[in-house]
Amino acid sequence: MGCRPSASCFACKARKVKCDLRKPSCNRCTSLGRACPGYADPWAVVHRQQNASAAHQVQVRVAKRLKERGAFDPTSSILEVDEEGTSPDSVEEEEIQRRLRTVPKAFSVDSELVSLNHFYSNYASGGEVALFNLFPGMKSSAASSPVLQEALKATALASSSLQMCQAGLMTQARQHYGKAIGKIGSALKDNSTAQDDSVVVALLTLGLFEAIVPDTSPRKITSHCRGSLALLRYRAEQGVATSLDKGLLAFVVHLGMLEIFIGQEGRSPVLVGLKQAAWAKGGMVEPLLVRAIDYKHMVQHVLSLADIERASVGHVTQIFQTGIDIIRDLEAAANYRISSPGPRNKPGPDGAVDEDLNSFNHLLGRKSDASDAIAKGLYLTIRLHLIEYILSLSIALGEPTREELKTLVNLPHGLTAMEQVCEQIRIVFGFDGRDSACTIQGVGFNAWCMFWPMIAVLKSAFADKDTKTWIMDKCMAVSQASGFGMAMYQQGWFETDGAKD
325 MGCRPSASCF ACKARKVKCD LRKPSCNRCT SLGRACPGYA DPWAVVHRQQ NASAAHQVQV
385 RVAKRLKERG AFDPTSSILE VDEEGTSPDS VEEEEIQRRL RTVPKAFSVD SELVSLNHFY
445 SNYASGGEVA LFNLFPGMKS SAASSPVLQE ALKATALASS SLQMCQAGLM TQARQHYGKA
505 IGKIGSALKD NSTAQDDSVV VALLTLGLFE AIVPDTSPRK ITSHCRGSLA LLRYRAEQGV
565 ATSLDKGLLA FVVHLGMLEI FIGQEGRSPV LVGLKQAAWA KGGMVEPLLV RAIDYKHMVQ
625 HVLSLADIER ASVGHVTQIF QTGIDIIRDL EAAANYRISS PGPRNKPGPD GAVDEDLNSF
685 NHLLGRKSDA SDAIAKGLYL TIRLHLIEYI LSLSIALGEP TREELKTLVN LPHGLTAMEQ
745 VCEQIRIVFG FDGRDSACTI QGVGFNAWCM FWPMIAVLKS AFADKDTKTW IMDKCMAVSQ
805 ASGFGMAMYQ QGWFETDGAK D
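Residue numbering for the sequence shown is 325 to 825, as defined by this note's numbering.
Pasting the structure below:
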């Protein structure tokens, strides 16, 4: 290992005789009347020896590691010559070659299957929201229903594409989306297939696709929701509606609420169609949330008046008081599990208690810490909106009167209300050192549920620069992890001012 390389000419080296190293031709060759073949390149000689030495050292290290891991018989030593006279180098070489032969060969992965499995675990692991809860159970249905199969593949591939930054998956997703649209159109032409559960589930799944990969306007997702509503109505009129329909209706109503409070236009064509829908039994907006929606419209109407400054003091004071009453009830709904008994679980005329009264439109059961944390965040978000509406009206009216001030003194502080929403975001996702309440639910499910509170904070008039930076950073992190959310914001879906929506 430590021998110095020979510098003799090629002829002397071959005859193994001493060379006088004279250049360009050695005297030994010349005195014998032979032409000296010359010398090897010193650089090549030195580095060839170094390469051989390095290779030997690597082999020894590899063999040592293999021995430590139990790859060799501990009773024998690889540094000793075995009974057959095999050298240590050959033993090491054979073991290295054997290891190389056992390295697994590359194999292909079904991107659709991987994306679907990831999508199910990402969105359906919580078992809370009806639509998401359906996905794992409908694997067999998807196999027999081309409509649902294409819709699920499109949405799952789109989600995986954003999560893993794989543009090729998005191309596949759009191809399946086009196929799903075509198959839904064909299914709706036949009354028997139009009543199938898979068709309405596929329509709502494509609505989720549009939320993951939004257009420049929310029209497509709205059209999917309208189509789903038409199907739900048809199923109810045909007498084929089941508990599935109630759960899907809650999903649609939630999207309508989102449109009203943080959408571009501040109104929801989806909820307008549900207002007088007698067929939607038990699927309408929760009474408290109806009051919040009506209050927003009331404030918008007053703000639109040309002579708003001339509004009567009594009328304005009553508007303020109405809003504060709703804000108190929203806080009670948010905290109802903390209080005992629940402040809004009051018996009805028949003495029965509506257990779903605080479940945010029957969306969440609030039977776990996770669903309770999410529902609380949603109620507190609407509470934040109403505080902003009252303050925007107060600013528009100018200096408040004594009577108005007496009422406004009971208005919760806006910064505190916003921080309460931020705290629920931390609790749900486990941000800033908090223990996450949602350890079973997938990040996609949490992102879908908490997207509204996060955007509400981002748009809030109470959020300073640091708060906006904080929430934007969290939004981007959640969007990257789940493939859901920020694309809609970046497309400009929520450009209106939060206090004037």
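Where a beta carbon is used, it is the ideal one built from N, C-alpha and C, also for glycine.
Exercise. To which residues of the same chain is Asp344 closer than 7 Å at the C-beta, ignoring the five residues directly before and after it?
Worked result: Taking the first residue of the sequence shown as position 1, residue 344 is located at position 20. Answer for Asp344: Cys350, Asn351, Arg352, listed in chain order.
Problem set entry | Near the ligand NAP: Arg385 beta-carbon under 8 Å from a heavy atom | The ligand NAP is absent from the structure shown, which contains no ligands of any kind.
Exercise. Of all the options Ile505, Val523, Asp649, Ile706, which has the alpha carbon lying nearest to the alpha carbon of Gln744?
Worked result: Here residue 744 refers to the residue found at position 420 when the sequence shown is read from its first residue. The residue with the shortest Cα to Cα distance from Gln744 is Ile706.
Exercise. Does DSSP put Cys336 in a helix, a strand or coil?
Worked result: To locate residue 336, count along the sequence shown from 1; it is residue 12. Cys336: helix per DSSP, three-state reduction.
Problem set entry | Nearest-angstrom Cα separation, counted from Ala761 out to Ile711 | Counted from its first residue, the sequence shown places residue 711 at position 387. Counted from its first residue, the sequence shown places residue 761 at position 437. Computed Cα separation, rounded: 27 Å.
Exercise. Any idea what DSSP makes of Tyr862, helix, strand or coil?
Worked result: What the structure shows of the chain is the stretch from 325 to 825, and residue 862 is not part of that stretch, so it cannot be assessed.
Problem set entry | Boundaries of the alpha helix (DSSP H) in which Phe769 is found, first to last residue | In the sequence shown, the residue the question calls residue 769 occupies position 445. Run containing Phe769: 767-783, per the alpha helix (DSSP H) assignment.
Exercise. Pick from Met778, Val524, Asp693, Gly571: whose alpha carbon is nearest that of Ile764?
Worked result: Sequence index remark: in the sequence shown, residue 764 carries index 440 (1-based). Taking only the C-alpha atoms, the option nearest Ile764 is Asp693.
Exercise. Relative to the C-alpha of Pro736, which residue among Gly722, Phe755, Leu708 is closest?
Worked result: As a first step, residue 736 must be located in the sequence shown, where it is residue number 412. The option with the nearest alpha carbon to Pro736 is Leu708.
Exercise. Identify the residues that DSSP records as bridge partners of Tyr501: which are they?
Worked result: The count along the sequence shown starts at 1 and reaches residue 501 at position 177. Bridge partners of Tyr501: none, in fact.
Problem set entry | From His548, Leu493, Val537, Thr793, residue whose alpha carbon lies closest to that of Gly286 | In the structure as shown, the chain begins at 325 and stops at 825. Residue 286 is therefore absent and cannot be evaluated.
Exercise. Hey, would you say Leu613 sits closer than 9 Å to Phe684, going by beta carbons?
Worked result: Position 289 of the sequence shown, counted from the first residue, corresponds to residue 613. Position 360 of the sequence shown, counted from the first residue, corresponds to residue 684. Closer than 9 Å, so yes.
Exercise. When DSSP builds the beta bridges, which residues end up paired with Tyr363?
Worked result: By one-based count along the sequence shown, residue 363 stands at place 39. Tyr363 pairs with Cys333.
Problem set entry | 7 Å Cβ shell around Arg758 - same chain, five flanking residues per side excluded | For the purposes of this step, residue 758 is taken as residue 434 along the sequence shown, with counting starting at 1. Only Arg750, Ile751 meet the Cβ criterion.
For this session: Please list, in chain order, all residues of the same chain as Phe786 whose beta carbon is under 6 Å from its beta carbon, the five residues on each side excluded.
Result: Your numbering for residue 786 matches position 462 in the sequence shown. Answer for Phe786: Gly738, Leu739, Met742, listed in chain order.
Exercise. What's the call for Leu356, buried or exposed, on a 16-neighbour Cβ count within 10 Å?
Worked result: On the sequence shown, residue 356 is found 32 positions in, with the first residue counted as 1. So Leu356 counts as exposed.
For this session: Could you tell me how far apart the beta carbons of Phe808 and Gly768 are, in whole angstroms, since I believe they sit closer than 8 Å?
Result: Taking the first residue of the sequence shown as 1, we reach residue 808 at position 484. Taking the first residue of the sequence shown as 1, we reach residue 768 at position 444. The Cβ separation is near 6 Å, so the contact holds.
For this session: Can you give me the Cβ contacts of Ser806 inside the same chain, cut-off strictly under 6 Å, excluding the 5 residues immediately before and after it?
Result: As a working mapping, residue 806 is identified with position 482 in the sequence shown. Same-chain partners within the cutoff: Val767, Gly768, Ala771.
Exercise. Going along the chain, which residues of its own chain have a beta-carbon closer than 6 Å to the beta-carbon of Phe443, five neighbours each way excluded?
Worked result: Along the sequence shown, read from residue 1 onward, the residue named residue 443 stands at position 119. Contacts found: Ala480, Ser483.
Exercise. Does the distance from the CB of Thr566 to the CB of Asp520 come in under 9 Å?
Worked result: The count along the sequence shown starts at 1 and reaches residue 566 at position 242. The count along the sequence shown starts at 1 and reaches residue 520 at position 196. Not in contact: Thr566 and Asp520 (Cβ atoms no closer than 9 Å).
For this session: Using only alpha-carbon positions, find the residue among Pro361, Arg346, Gly563, Glu534 that is nearest to Arg339.
Result: Reading the sequence shown from its first residue, position 15 is the one you call residue 339. That would be Pro361, whose Cα lies nearest to the Cα of Arg339.
Exercise. Can the beta-carbon of Ile617 be found less than 9 Å from the beta-carbon of Ile584?
Worked result: For this step, residue 617 is matched to residue 293 along the sequence shown. For this step, residue 584 is matched to residue 260 along the sequence shown. Contact flag set, yes.
Exercise. Can you tell me the Cα-Cα spacing of Glu404 and Ala364, whole angstroms?
Worked result: Indexing the sequence shown from 1 puts residue 404 at position 80. Indexing the sequence shown from 1 puts residue 364 at position 40. Low confidence applies to Glu404: its pLDDT is 47, below 50, so where it sits in the model is not reliable enough to give any reading.
Exercise. When the Cα atoms are used, what is the spatial distance from Asn457 to Ala658?
Worked result: Taking the sequence shown and counting its residues from 1, one reaches residue 457 at position 133. Taking the sequence shown and counting its residues from 1, one reaches residue 658 at position 334. Cα-Cα distance, rounded: 24 Å.
Exercise. Span of the alpha helix (DSSP H) holding Cys799?
Worked result: Locating residue 799 in the sequence shown gives position 475, counting from the first residue. From DSSP, the alpha helix (DSSP H) with Cys799 extends over 789-806.
Problem set entry | Span separating the alpha-carbon of Ile586 from that of Ala526 | Position 262 of the sequence shown holds residue 586. Position 202 of the sequence shown holds residue 526. For Ile586 and Ala526, the distance between alpha carbons rounds to 25 Å.
Exercise. If we call anything under 9 Å between Cβ atoms a contact, is Val523 one with Val471?
Worked result: For the purposes of this step, residue 523 is taken as residue 199 along the sequence shown, with counting starting at 1. For the purposes of this step, residue 471 is taken as residue 147 along the sequence shown, with counting starting at 1. Yes, these two residues count as a Cβ contact at 9 Å.
Problem set entry | Contacting residues, own chain, Cβ-Cβ under 7 Å from Phe533 (five flanking each side not counted) | Indexing the sequence shown from 1 puts residue 533 at position 209. So the qualifying residues of the chain are Ala478, Thr479, Ala482, Tyr501.
For this session: Let me know the secondary structure DSSP gives Arg726 once reduced to three states.
Result: Taking the sequence shown and counting its residues from 1, the one referred to as residue 726 is at position 402. Helix.
Problem set entry | For Glu655, three-class secondary structure by DSSP | To locate residue 655, count along the sequence shown from 1; it is residue 331. Looking at Glu655 - three-state DSSP - the assignment turns out to be helix.
For this session: Assign Ala826 to buried or exposed, taking buried as 16 or more other Cβ atoms, counted over all protein chains shown, within 10 Å of its Cβ.
Result: Given a span of 325 to 825 for the chain in the structure shown, any question on residue 826 remains unanswerable.
Exercise. Just how far apart, CA to CA, sit Tyr660 and Thr495?
Worked result: The sequence position of residue 660 within the sequence shown is 336, counting from 1. The sequence position of residue 495 within the sequence shown is 171, counting from 1. Rounded to the nearest angstrom, the two C-alpha atoms are 46 Å apart.
Exercise. Taking the alpha-carbon positions, what's the Gln383 to Lys337 distance?
Worked result: Taking the sequence shown and counting its residues from 1, one reaches residue 383 at position 59. Taking the sequence shown and counting its residues from 1, one reaches residue 337 at position 13. Roughly 29 Å between the two C-alpha positions.
Problem set entry | For Leu530 and Ala497, believed in contact at Cβ under 8 Å, the rounded distance | Indexing the sequence shown from 1 puts residue 497 at position 173. Indexing the sequence shown from 1 puts residue 530 at position 206. Actually they are not in contact, since the Cβ atoms of Ala497 and Leu530 sit about 11 Å apart, beyond 8 Å.
Problem set entry | Burial state of Arg559 (16 or more Cβ within 10 Å) | Residue 559 sits at position 235 when you count from the first residue of the sequence shown. Buried is the call here.
For this session: Could you check which residue in Gly571, Asp631, Lys347 has the C-alpha nearest to that of Leu843?
Result: The displayed coordinates of the chain run from 325 to 825. Any statement about residue 843 would go beyond what the structure contains.
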